[in-house]
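What follows is a short report on a single structure.
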Amino acid sequence: MEGNMRLSLKVWRQSNTDAAGGFEDYKLDNVSPDMSFLEMFDVLNEQLIEEGKEPVAFDHDCREGICGMCSMYINGRPHGPLRGVTTCQLHMRSFKDGDTIVVEPWRAQAFPVIKDLVVDRDAFDRVISAGGFVSVNTGNAQDANSLPIAKEAADDAFAAAACIGCGACVAACKNASAMLFVSAKISQLALLPQGQAERSIRAEKMVAQMDAEGFGACTNTGACSAECPKEISLENIARMNREYIGAKFSSSAV
Amino acid sequence: MATSSRLDARIPQGPLESKWSKYRSSVPLVNPANKRNLEIIVVGTGLAGASAAATLAELGYKVKAFCFQDSPRRAHSIAAQGGINAAKNYQNDGDSVYRLFYDTIKGGDYRAREANVHRLAEVSGNIIDQCVAAGVPFAREYGGLLSNRSFGGTQVQRTFYAAGQTGQQLLLGAYSGLQRQVGMGTVKMYNRHEMLDVVNIDGKCRGIIARNLITGEIERHGGHAVLLCTGGYGNVFYLSTNAMGSNVTAAWKAHKRGAFFGNPCFTQIHPTCIPVSGEHQSKLTLMSESLRNDGRIWVPKKKDDNRPGNEIPENERDYYLERRYPAFGNLVPRDIASRAAKERCDAGYGVGTSKLAVYLDFAAAVERYGRGEANKNNIHNASDADITTWGKAVVKEKYGNLFDMYKQITGEDPYEVPMRIYPAVHYTMGGLWVDYNLMTTVPGLYSLGEANFSDHGANRLGASALMQGLADGYFVIPYTIGAYLASEIRTGKISTDHEAFVKAEAEVKERIDTLLRIQGKTSPELFHRRLGKIMWEKCGMARNAEGLKEAIQEIRQLRKDFWSDVKVMGTANYFNPELDKANRVADFIELGELMCIDALDRNESCGGHFREEYQTEEGEALRDDENYMYVSAWEHKGPENWELHKEELIYENIKIAQRSYK
Chain A
1 MEGNMRLSLK VWRQSNTDAA GGFEDYKLDN VSPDMSFLEM FDVLNEQLIE EGKEPVAFDH
61 DCREGICGMC SMYINGRPHG PLRGVTTCQL HMRSFKDGDT IVVEPWRAQA FPVIKDLVVD
121 RDAFDRVISA GGFVSVNTGN AQDANSLPIA KEAADDAFAA AACIGCGACV AACKNASAML
181 FVSAKISQLA LLPQGQAERS IRAEKMVAQM DAEGFGACTN TGACSAECPK EISLENIARM
241 NREYIGAKFS SSAV
Chain B
1001 MATSSRLDAR IPQGPLESKW SKYRSSVPLV NPANKRNLEI IVVGTGLAGA SAAATLAELG
1061 YKVKAFCFQD SPRRAHSIAA QGGINAAKNY QNDGDSVYRL FYDTIKGGDY RAREANVHRL
1121 AEVSGNIIDQ CVAAGVPFAR EYGGLLSNRS FGGTQVQRTF YAAGQTGQQL LLGAYSGLQR
1181 QVGMGTVKMY NRHEMLDVVN IDGKCRGIIA RNLITGEIER HGGHAVLLCT GGYGNVFYLS
1241 TNAMGSNVTA AWKAHKRGAF FGNPCFTQIH PTCIPVSGEH QSKLTLMSES LRNDGRIWVP
1301 KKKDDNRPGN EIPENERDYY LERRYPAFGN LVPRDIASRA AKERCDAGYG VGTSKLAVYL
1361 DFAAAVERYG RGEANKNNIH NASDADITTW GKAVVKEKYG NLFDMYKQIT GEDPYEVPMR
1421 IYPAVHYTMG GLWVDYNLMT TVPGLYSLGE ANFSDHGANR LGASALMQGL ADGYFVIPYT
1481 IGAYLASEIR TGKISTDHEA FVKAEAEVKE RIDTLLRIQG KTSPELFHRR LGKIMWEKCG
1541 MARNAEGLKE AIQEIRQLRK DFWSDVKVMG TANYFNPELD KANRVADFIE LGELMCIDAL
1601 DRNESCGGHF REEYQTEEGE ALRDDENYMY VSAWEHKGPE NWELHKEELI YENIKIAQRS
1661 YK
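Given below as structure tokens:
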């Protein structure tokens, strides 16, 4: 071991979706400030295995802040104390020797806990399936430069498309609303000419699916955007509301 | 040398430029009514898997797609940063299909198949069209048209990009197409499922055994064809730029069921990664190759120079890439840049506490851009401080997200001190051997994207992985799969009650039970670390016969230790990442041995494969075209036992030369 930070951890343990969960206390010595938060969990898990205890289950994959899989609720904030940083990119130098750190899973009705810190985010996939695409079969495309797109529109679409689908917005929201996630996709496609043909139906269908999944309503608190590791803007929610209202006024569906 | 009778690459006859278009027009078709009765299993949902699953479903096939992550959008294609190549020639700088083809073959050090690479270059333009149509927000110029940049090993600008997140945007594009089909019911998606075996019946692949990673249930899935789009195996080195979950298990199971493994020792070591900081390190992070457009790489001229980088004066710095390769400078291909960094560090000129790092310095770019800004604004007496401020702003706009990531990981500010970088395992050119149709040596079993061996030879050029993954999925497999499925229309639904399924399922269960029963003392993670250390030291950036022979013995011992001392916590009946990990590490250990055997067989240096015994006087890779111009395709014959089959590489269109970037 190479570091000299000592930490107390309170970690949520829950053996499956239906079981009652609770916090367990762990102590870690020799944590290095250069470790990432997830590497600190690797050390904890090795320690638990040595003690013959089951390691803590947590979701993670790329560990470079882009896949959206890691999802820890750290000291009451999704992805921890830093702005614009995922759990995997959070390093222990952001904490102090002797700190107590509380770690929980995302908490939302639409994200049931699978085990410990792992939740089920299939609801997001279903929202995308409802309309988060352009209906263009492979082979249908025309030349990529046949349709110029103003740089500003392309840049705004890109900023919305930077969402990594981690669900921090839902975890941060007191209503467990998914408006930031849904609005990011609706915005990306509404801003681009390729998205125009299905613009109205997309907004209607994605919002309907979002509601069906059990996500809460938006009360404009803004915690979602403040906690978003990719700093997706609240403007997207405003745009989504405009898209949705416009779609409903001209809707042919009942 | 002649190609083994066991290998038929099925390369169409005729001139190179018309092979693909002619073949496409003559490959058997399956009519729409029959497509509805044919089931295709796609394993892996990265660029290759997601694009293939969506496209095949659009065509009318019944598709089942599997991924081990919680959503298909997490696949590691998402982490690709720099861009995707295409021979569009939008910049009017002399690019063409032929040039992309030529650069790729040369970049691969003449160890790739001409016909496959030419097809890749031909369809590259269609990929960009398709992605833009699907709403991928590529970078654009003020005129509204697409922007391009340069990558290593080329002299044109053909790389399309979306800031430093090109892989993310392309994958989300392919994923949205996949989810559209899921919503329509034409693709059934199985996430948090891991493929643990393929099932062959009467010599044809007929399905897979998968484990539901949440419930632990072992499932049988039948299909008329199986596509493995399961990525590369760089994690055999433990530390790599791959995601933590990236693994070889699906490809390895296929290999043990008869699919030959092609060029397993061809590994790409990426030159610009953040150096290892300590024993706790779980993965390495790439700093995009695009940084080499502006950054200059150097080490001190004096050995063991402990001064901070920015205190070492200009005339005491050795810009060794510019010195050794004046024509390409800091933009030499990855294999060459990596070896040059290792050479300097091994010679005692490395920097940082570990001495295993070199500097990537933006000071010159900051000054150049700063002066440019001053000129633009007609300021002729600007202070050095102002120039630096303006220059930093330009660098921030170009590379801000990468600089932030560097700062977050290392705790150092790269705007103030030069970045420290070192090479790290990034990509594997080797993979399952496939023919021109992307079919493995098992009929009905295909492999796409990084999981196959096909297009990059011994070294892949930057921004070509995304191109290949999407080419295979969008534009190759939808055509070539007809050659096989046209003969399957009378087969009928595949029953999973067949004894082959029963037996494969029983074997999978037995292996899981064994893993849980051993209850030794060492975690799967620690075995993985031990394997990685052997591989990196003896089968990494430089290899030699003696080290490889030692590595083979050490890996065999490690395998024995694993199966007697592994400690897997938890049960098989519920979510258990430790069990998943143990399963993957066991396969990595076997693969590691084969990689060393392959590296030992290839008595030459080429691309990413550098055998210390075979180098020129200047330390460049020394190929042996007379004896090694072949693809090695290994057949699994039993534990620790493989037979080599050779596919001769024939160059009819490209003149073979020593690769030079000087």
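Sequence order for the protein chains is A and B. Numbered according to the numbering used here, the first sequence spans residues 1 to 254. Numbered according to the numbering used here, the second sequence spans residues 1001 to 1662. Just so it is clear, CB atoms sit at the ideal spot from N, CA and C, and this is done for glycine as well.
By a C-beta neighbour count over all protein chains shown, 10 Å radius and 16 as the cutoff for buried, is Ala1250(B) buried or exposed?
Walking along the second sequence from the start, residue 1250(B) turns up at place 250. Classification of Ala1250(B): buried, given that the 10 Å Cβ count is 16 or more.
Which residues in the same chain have their Cβ closer than 8 Å to the Cβ of Ala288(A), if we skip the five residues on either side of it in sequence?
In the structure as shown, chain A starts at 1 and stops at 254, and residue 288(A) therefore has no counterpart that could be examined.
For Phe1453(B), does the three-state DSSP call read helix, strand or coil?
Along the second sequence, read from residue 1 onward, the residue named residue 1453(B) stands at position 453. Residue state, collapsed to three classes: coil.
Can you give me the Cβ contacts of Tyr1023(B) inside the same chain, cut-off strictly under 7 Å, excluding the 5 residues immediately before and after it?
Translated into the one-based positions of the second sequence, residue 1023(B) becomes position 23. Same-chain partners within the cutoff: Pro1012.
In whole angstroms, what separates the C-alpha of Leu1171(B) from that of Ile1084(B)?
Locating residue 1171(B) in the second sequence gives position 171, where the first residue counts as 1. Locating residue 1084(B) in the second sequence gives position 84, where the first residue counts as 1. Using only the alpha carbons, I get a separation of about 12 Å.
I want to verify the contact list: residues of chain A whose CB lies under 7 Å from the CB of Ser1564(B), in sequence order.
Reading the second sequence from its first residue, position 564 is the one you call residue 1564(B). Here the premise fails: no neighbours, minimum Cβ distance about 17 Å.
Hey, could you find the ends of the beta strand (DSSP E) Gln1169(B) is sitting in?
Indexing the second sequence from 1 puts residue 1169(B) at position 169. Where Gln1169(B) is concerned, there is no enclosing beta strand (DSSP E), although the alpha helix (DSSP H) it sits in stretches over 1166-1184.
Would DSSP call Gln1069(B) helix, strand or coil?
Looking up residue 1069(B) in the second sequence gives position 69. If DSSP states are grouped into helix, strand and coil, Gln1069(B) belongs with coil.
Roughly how many whole angstroms lie between the Cα atoms of Tyr1544(B) and Lys1533(B)?
Position 544 of the second sequence, counting from 1, holds the residue named residue 1544(B). Position 533 of the second sequence, counting from 1, holds the residue named residue 1533(B). The displayed chain sequence assigns Asn, not Tyr, to residue 1544(B). Distance between the alpha carbons of Asn1544(B) and Lys1533(B) is about 16 Å.
Put Ala57(A) into one of helix, strand or coil per three-state DSSP.
Mapped onto the first sequence, residue 57(A) falls at position 57. Ala57(A): coil per DSSP, three-state reduction.
Roughly how many angstroms lie between the CA atoms of Pro55(A) and Met1569(B), to the nearest whole one?
As a first step, residue 55(A) must be located in the first sequence, where it is residue number 55. As a first step, residue 1569(B) must be located in the second sequence, where it is residue number 569. Straight-line Cα distance between these residues: approximately 8 Å.
Who does Pro1300(B) pair with in a DSSP beta bridge?
On the second sequence, residue 1300(B) is found 300 positions in, with the first residue counted as 1. Pro1300(B) pairs with Arg1317(B).
How long is the line joining the alpha carbons of Ala1374(B) and Arg1158(B), rounded to whole angstroms?
If you number the second sequence from 1, residue 1374(B) lands on position 374. If you number the second sequence from 1, residue 1158(B) lands on position 158. Straight-line Cα distance between these residues: approximately 30 Å.
Listed in chain order, which residues of the region 30-59 of chain A have Cβ atoms closer than 9 Å to some Cβ of chain B?
For the region 30-59 of chain A, which is checked against every Cβ of chain B, the residues closer than 9 Å are Val31, Ser32, Pro33, Asp34, Met35, Ser36, Leu38, Glu39, Met40, Asp42, Val43, Asn45, Glu46, Leu48, Ile49, Glu50, Gly52, Lys53, Glu54, Pro55, Ala57, Phe58, Asp59.
In terms of residue numbering, what span does the beta strand (DSSP E) encompassing Glu1219(B) cover?
To locate residue 1219(B), count along the second sequence from 1; it is residue 219. Residues 1218-1222.
Below 7 Å on C-beta distance, what does Ile1477(B) contact in chain A?
Locating residue 1477(B) in the second sequence gives position 477, counting from the first residue. What Ile1477(B) touches in chain A: nothing, since even the nearest Cβ is about 11 Å away.
Count the other CB atoms within 10 Å of the CB of Ala160(A); is the residue buried (16 or more) or exposed (fewer)?
Along the first sequence, read from residue 1 onward, the residue named residue 160(A) stands at position 160. Looking at its Cβ environment, which holds 16 or more other Cβ atoms inside 10 Å, Ala160(A) is buried.
Measuring alpha carbon to alpha carbon, tell me which of Lys27(A), Lys174(A), Asp61(A) ends up nearest Cys218(A).
Counting from one through the first sequence, the residue named residue 218(A) turns up at place 218. Selected option, being the one with the closest Cα: Lys174(A).
What are the start and end residues of the beta strand (DSSP E) that includes Asp29(A)?
As a position in the first sequence, residue 29(A) is number 29, starting the count at 1. Where Asp29(A) is concerned, the enclosing beta strand (DSSP E) stretches over 22-31.
Do you know offhand how far Ser1025(B)'s Cα is from Ala1054(B)'s?
Mapped onto the second sequence, residue 1025(B) falls at position 25. Mapped onto the second sequence, residue 1054(B) falls at position 54. Computed Cα separation, rounded: 22 Å.
Would the region 234-253 of chain A count as touching the region 201-211 of chain A if we require 3 or more Cβ pairs under 8 Å?
With the cut-off at 8 Å, the region 234-253 of chain A and the region 201-211 of chain A touch.
Ile1011(B) CB to nearest chain A CB: under 8 Å?
Here residue 1011(B) corresponds to residue number 11 of the second sequence, with the count starting at 1. It does not; no Cβ of chain A falls within 8 Å.
DSSP three-state label for Lys40(A), please.
On the first sequence, position 40 is the one that residue 40(A) refers to. Before going further, note that residue 40(A) is Met rather than Lys in the sequence given. Residue state, collapsed to three classes: helix.
Nearest to Gln1268(B) by alpha carbon, out of Asn1235(B), Phe1261(B), Glu1017(B)?
Looking up residue 1268(B) in the second sequence gives position 268. Answer by Cα proximity: Asn1235(B).
Identify the residues that DSSP records as bridge partners of Trp1536(B): which are they?
Against the second sequence, residue 1536(B) aligns to sequence position 536. Looking at the DSSP assignment, Trp1536(B) forms no beta bridge with any residue, so it has no partner.
May I ask you to list the residues that DSSP assigns as paired with Pro78(A)?
Reading the first sequence from its first residue, position 78 is the one you call residue 78(A). DSSP output for Pro78(A) lists Tyr73(A) as bridge partner(s).
Looking only at its own chain, which residues have a Cβ that is under 6 Å from the Cβ of Ala172(A), when we skip the five neighbours before and after it?
As a position in the first sequence, residue 172(A) is number 172, starting the count at 1. Excluding residues within five positions, the ones whose Cβ falls inside 6 Å are Pro78, Ala223, Cys224, Glu227.
Determine the closest residue to Gly139(A) out of Gly1352(B), Gly1125(B), Glu1643(B), with distance taken between C-alpha atoms.
Locating residue 139(A) in the first sequence gives position 139, where the first residue counts as 1. Of Gly1352(B), Gly1125(B), Glu1643(B), the residue nearest in Cα terms is Gly1125(B).
Round the Cβ separation of Met1429(B) and Phe1266(B) to the nearest angstrom and send it over; I've been treating them as touching at under 8 Å.
Your numbering for residue 1429(B) matches position 429 in the second sequence. Your numbering for residue 1266(B) matches position 266 in the second sequence. 4 Å between Cβ atoms; contact.
Assuming Thr1003(B) and Lys1567(B) form a contact by the criterion Cβ under 8 Å, report the distance between their Cβ atoms to the nearest whole angstrom.
Within the second sequence, residue 1003(B) is the residue found at index 3, counting from 1. Within the second sequence, residue 1567(B) is the residue found at index 567, counting from 1. That belief does not hold up - the Cβ atoms of Thr1003(B) and Lys1567(B) are roughly 46 Å apart, past 8 Å.
Just how far apart, CA to CA, sit Val254(A) and Lys248(A)?
One-based indexing of the first sequence puts residue 254(A) at position 254. One-based indexing of the first sequence puts residue 248(A) at position 248. Reliability of the predicted coordinates at Val254(A) is poor, the pLDDT of 49 falling under 50, and the value obtained from them is presented with this limitation in mind. Whole-angstrom Cα-Cα distance: 9 Å.
For a quick check, are the C-beta atoms of Val1358(B) and Ile1421(B) less than 8 Å apart?
Here residue 1358(B) is taken as the residue at index 358 of the second sequence, counted from 1. Here residue 1421(B) is taken as the residue at index 421 of the second sequence, counted from 1. Result yes, Cβ atoms of Val1358(B) and Ile1421(B) sit closer than 8 Å.
Could you pull the DSSP bridge partners for Lys10(A) from this structure?
Looking up residue 10(A) in the first sequence gives position 10. Lys10(A) pairs with Asp25(A), Val102(A).
Quick one: does Pro1414(B) have its CB under 8 Å from some CB of chain A?
The residue labelled residue 1414(B) in the question sits at position 414 within the second sequence. No - not a single Cβ of chain A is within 8 Å of the one on Pro1414(B).
Would a C-beta distance cut-off of 8 Å place Arg63(A) and Ser36(A) closer than the cut-off?
Your numbering for residue 63(A) matches position 63 in the first sequence. Your numbering for residue 36(A) matches position 36 in the first sequence. Their beta carbons are under 8 Å apart, which means Arg63(A) touches Ser36(A) by this criterion.
Compare the Cα-Cα distances from Met1001(B) to each of Asp1624(B), Gly1638(B), Ala1483(B), Ser1660(B) and report the closest residue.
Within the second sequence, residue 1001(B) is the residue found at index 1, counting from 1. Closest by alpha carbon: Asp1624(B).
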